[in-house]
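Asker: Sharing a structure here in structure tokens format.
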Amino acid sequence: MSRRVAVIDYGMGNLRSVSQAVLHAAAGTGFEVVVTAEPEVVRAAERVVLPGQGAMRDCMRELREAHGGALRAAVLEAAADKPLMGVCVGMQMLLDHSEEQDTPGLGLIPGRVRRFQLEGRLQPDGSRYKVPQMGWNQVLQARPHPVWASVPDASWFYFVHSFYAQPADPAHSVGETDYGARFTSAVARDNIFATQFHPEKSAAHGLALYRNFLGWCPLTPHPPDSHVADPCHRPERRPLRAPEARRHECVHHLR
Numbered sequence: 001m002s003r004r005v006a007v008i009d010y011g012m013g014n015l016r017s018v019s020q021a022v023l024h025a026a027a028g029t030g031f032e033v034v035v036t037a038e039p040e041v042v043r044a045a046e047r048v049v050l051p052g053q054g055a056m057r058d059c060m061r062e063l064r065e066a067h068g069g070a071l072r073a074a075v076l077e078a079a080a081d082k083p084l085m086g087v088c089v090g091m092q093m094l095l096d097h098s099e100e101q102d103t104p105g106l107g108l109i110p111g112r113v114r115r116f117q118l119e120g121r122l123q124p125d126g127s128r129y130k131v132p133q134m135g136w137n138q139v140l141q142a143r144p145h146p147v148w149a150s151v152p153d154a155s156w157f158y159f160v161h162s163f164y165a166q167p168a169d170p171a172h173s174v175g176e177t178d179y180g181a182r183f184t185s186a187v188a189r190d191n192i193f194a195t196q197f198h199p200e201k202s203a204a205h206g207l208a209l210y211r212n213f214l215g216w217c218p219l220t221p222h223p224p225d226s227h228v229a230d231p232c233h234r235p236e237r238r239p240l241r242a243p244e245a246r247r248h249e250c251v252h253h254l255r
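For the sequence shown, our numbering assigns the number 1 to the initial residue and increments by one for each residue that follows.
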């Protein structure tokens, strides 16, 4: 039986671009990538990807109602014992609650989802901040994690969002980005890793994240001679470069 990665289809995710990126990253790994709404397929999969786009309330409603709640239950079961990756609204759904229409989340990572409050604020170049944030921005690796392997710190990723995660425990913030203020752009807890940005729209670094996710063994302790960085080490914060220079300014849409 082949090893499977289940990309959850609950009617709200950008399924084609996410699944094609995961498929590309899985080449040569032995993984089969399936887009599915079937709870039993999710339960049988080795790894799970939870995409999402649009309003979190709509995403939570669709997931809650799919198969009479069985798909939501399968996602929660998967989050308990297998690697799970959330993308964009899929990341926000992992937290307890969102300010967006007072929406409860899955409660897998303690914290809240908040809206950017940037009205009237000016960027360093004198232009006004826009909400949603749409375009390339840097991600500072706030804490080492195996899914960051081979991805340079402060790499550029593609964002489209008006809300951001605010984990209750700062240790769950593994990526941070500046947009008016510093916010959490990637979270991790146990066997869960999730990003606010879109790896599937972020060229080589995005594909590297999916590839690292496929090779990640979160329940296996790393041996003493492992090259994986100490997950408890939190480097000193430092300012990101202003986002005026875009040396790789093209979004690669995988088809």
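Every residue gets a Cβ at the ideal spot worked out from N, C-alpha and C, and that includes glycine.
As the structure is a prediction and not an experimental result, all values here were calculated from the model.
Chain D beta carbons: is any one of them nearer than 8 Å to that of GLY120?
Answerer: No chain D is part of this structure, which consists of one protein chain only.
Asker: Is it buried or exposed for CYS232, if we count other Cβ within 10 angstroms and need 16 for buried?
Answerer: With a pLDDT of only 31 at CYS232, under the threshold of 50, the placement of this residue in the model should not be trusted; the figure read from the coordinates follows. CYS232 is exposed by the Cβ-count criterion.
Asker: Suppose only complete runs of 3+ residues qualify. What are the beta strand (DSSP E) ranges in the region 147-206, listed by chain order?
Answerer: The qualifying runs are 155-161, 163-167, 173-178, 182-189, 192-195.
Asker: Around the Cβ of ARG128, are there at least 16 other Cβ atoms within 10 angstroms (buried) or fewer (exposed)?
Answerer: That one is exposed.
Asker: When the Cβ atoms of the region 53-69 are set against those of the region 11-19, are three or more pairs found closer than 8 Å?
Answerer: Yes, they touch.
Asker: Alpha carbon to alpha carbon, how far is LYS201 from ASP153? Give it in angstroms, no decimals.
Answerer: Approximately 18 Å between the Cα atoms of the pair.
Asker: Using only alpha-carbon positions, find the residue among PRO39, MET85, GLY86, ALA79 that is nearest to GLU65.
Answerer: That would be PRO39, whose Cα lies nearest to the Cα of GLU65.
Asker: Measure the alpha-carbon distance for ARG114 versus PHE183 and round it to whole angstroms.
Answerer: Looking at the two C-alpha atoms, the distance is approximately 10 Å.
Asker: How is the alpha helix (DSSP H) around GLU100 delimited, first residue to last?
Answerer: No alpha helix (DSSP H) contains GLU100, which DSSP labels as neither H nor E.
Asker: In this structure, how does DSSP classify PRO124 when only helix, strand and coil are distinguished?
Answerer: Correct three-state label for PRO124: coil.
Asker: Are the CB atoms of ARG4 and PHE31 nearer to each other than 8 Å?
Answerer: Yes; because the gap between Cβ atoms is below 8 Å, this pair is in contact.
Asker: Determine the burial state of MET60: buried for a count of at least 16 other Cβ atoms within 10 Å of its Cβ, exposed for fewer.
Answerer: Buried is the call here.
Asker: Using the rule of at least 16 other Cβ atoms within 10 Å of the residue's Cβ for burial, across every protein chain shown, is THR195 buried or exposed?
Answerer: Per the 10 Å Cβ criterion, buried.
Asker: Enumerate, from N- to C-terminal direction, the unbroken alpha helix (DSSP H) stretches of 4 or more residues contained entirely within the region 40-94.
Answerer: As far as the region 40-94 is concerned, its whole alpha helix (DSSP H) runs of at least 4 residues are 56-65, 70-81, 89-92.
Asker: Among GLN166, VAL75, GLY86, which residue has its Cα nearest to the Cα of VAL18?
Answerer: The residue with the shortest Cα to Cα distance from VAL18 is GLY86.
Asker: Would PHE159 and ASN137 qualify as a contact pair, given that the criterion is a beta-carbon distance under 8 Å?
Answerer: Yes, Cβ-Cβ distance for PHE159 and ASN137 is below 8 Å.
Asker: How is the alpha helix (DSSP H) around GLN20 delimited, first residue to last?
Answerer: First-last of the alpha helix (DSSP H) with GLN20: 15-25.
Asker: For PHE31, does the three-state DSSP call read helix, strand or coil?
Answerer: Reduced to three states, the DSSP call for PHE31 is strand.
Asker: Once DSSP output is grouped into helix, strand and coil, what is the label at ALA6?
Answerer: Reduced to three states, the DSSP call for ALA6 is strand.
Asker: Taking the straight line between their C-alpha atoms, what separation do you get for ASP190 and LEU95?
Answerer: Each residue's alpha carbon lies about 14 Å from the other.
Asker: Under a three-way DSSP split, which group does ARG112 fall into?
Answerer: Of the three classes helix, strand and coil, the one that applies to ARG112 here is strand, per DSSP.
Asker: Which residues in the same chain as PRO221 place their Cβ atom closer than 6 Å to its Cβ, once the five residues preceding and following it in sequence are excluded?
Answerer: For PRO221, the predicted model reports a pLDDT of 43, less than 50, meaning its position is unreliable; a value from the coordinates is still stated below. So no residue of the chain qualifies.
Asker: Label LEU50 either buried or exposed according to how many other C-beta atoms from any shown protein chain fall within 10 Å of its C-beta, with 16 as the threshold for buried.
Answerer: It is buried - the Cβ of LEU50 has at least 16 other Cβ atoms within 10 Å.
Asker: Give the straight-line distance between the Cα atoms of ALA229 and LEU140, rounded to the nearest whole angstrom.
Answerer: Residue placement at ALA229 is poorly supported in this model, since its pLDDT is 36, which falls under 50; the coordinates still yield a value, given next. So the two alpha carbons sit approximately 15 Å from each other.
Asker: Quick test of your reading: PRO218 and PRO124, contact by CB under 8 Å. State the CB separation rounded to the nearest angstrom.
Answerer: PRO218 to PRO124, Cβ: 38 Å. No contact.
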